[in-house]
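A quick write-up on the structure given underneath.
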Amino acid sequence: SRGLIFRCTDLSPSNEDDYSIAYTSPTHCRKEFYKDGQIIRTCYVDFTASDTATLADVFHIHKLCVTTTYKKSENGLFLEWRDDWTNPSFLLQKILSAKHSKLGQKTIEGVLCEGIETTDPACFGPLPGQVDNLKAEFRLWVGVETGYPVLYESKMSGEYEGEVWELESVMDQFQWDVELDPDIFEPNIPPDYEELQSPGVVEL
9 SRGLIFRCTD LSPSNEDDYS IAYTSPTHCR KEFYKDGQII RTCYVDFTAS
59 DTATLADVFH IHKLCVTTTY KKSENGLFLE WRDDWTNPSF LLQKILSAKH
109 SKLGQKTIEG VLCEGIETTD PACFGPLPGQ VDNLKAEFRL WVGVETGYPV
159 LYESKMSGEY EGEVWELESV MDQFQWDVEL DPDIFEPNIP PDYEELQSPG
209 VVEL
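For the sequence shown, my numbering begins at 9 and goes up steadily by one.
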């Protein structure tokens, strides 16, 4: 898939936006976060460097842009932006790598789909540190005719370095093999925004 567009609705307790739209290529990602119909935040991620990734985080309400350079680690957290989202089989392979079950067929957004799910934390793969009470629930629905993902539902929770975290999201409205204009990945920072550069390189 040359490019991918999808919507993500974050249902986590700490979330502040209504939904986000992601535009992803093999080397870049742009994510727009919406609240009450307005864009409140835009993130630009550049993966072209071999050992680092650059994130430009633009907060429109505060008129602020923070640029951070991350060092890529061998064992990053599962489903990060740097994962191969443009590979249509990426999510399916993650679920099939663990204990899983089939969900049968149902029609989603007018498309006949087949579903698969897992609650096996082994689908995370290697983690960057000790995570306690790790729980996972992933469901993926794939179009029978196209073979492309149509709907993805995820729930994750655990304890890391003494903090309890919960993540829950739904991804839908997938548009696969889209030819994206490279210009959309260039950070667009209005002249009246304050720009800050994070010191040093942060380890992922």
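The beta-carbon is built from N, C-alpha and C at its ideal position, and this holds for glycine as well.
Around the beta carbon of I103, a 10 Å sphere encloses 16 or more other beta carbons of the protein chains shown; the residue is thus reported as buried. Exclusion of the five residues before and after W184 leaves S9, L12, P96, Y156 as the residues of its chain whose Cβ lies within less than 7 Å of its Cβ.
Along the length of the segment 115-143, whole beta strand (DSSP E) runs at least 3 residues long occupy 119-126, reported in chain order. For F14, the enclosing beta strand (DSSP E) begins and ends at 12-18.
Leaving aside the five residues that flank L159 on each side, the residues in its chain whose CB is nearer than 6 Å to its CB run, in chain order, I116, W149, D180.
Straight across, the Cα-Cα distance linking N23 with E187 is about 30 Å. Q46 is bridged by DSSP to K43. Annotated three-state conformation of I69 is coil, per DSSP.
DSSP, reduced to helix, strand and coil, places P157 within a strand of the structure shown. Rounded to the nearest angstrom, the gap between the Cα atoms of P199 and H70 is 13 Å. The Cβ atoms of S162 and F146 lie closer than 8 Å to each other. Taken through DSSP and simplified to helix, strand or coil, D200 comes out as coil.
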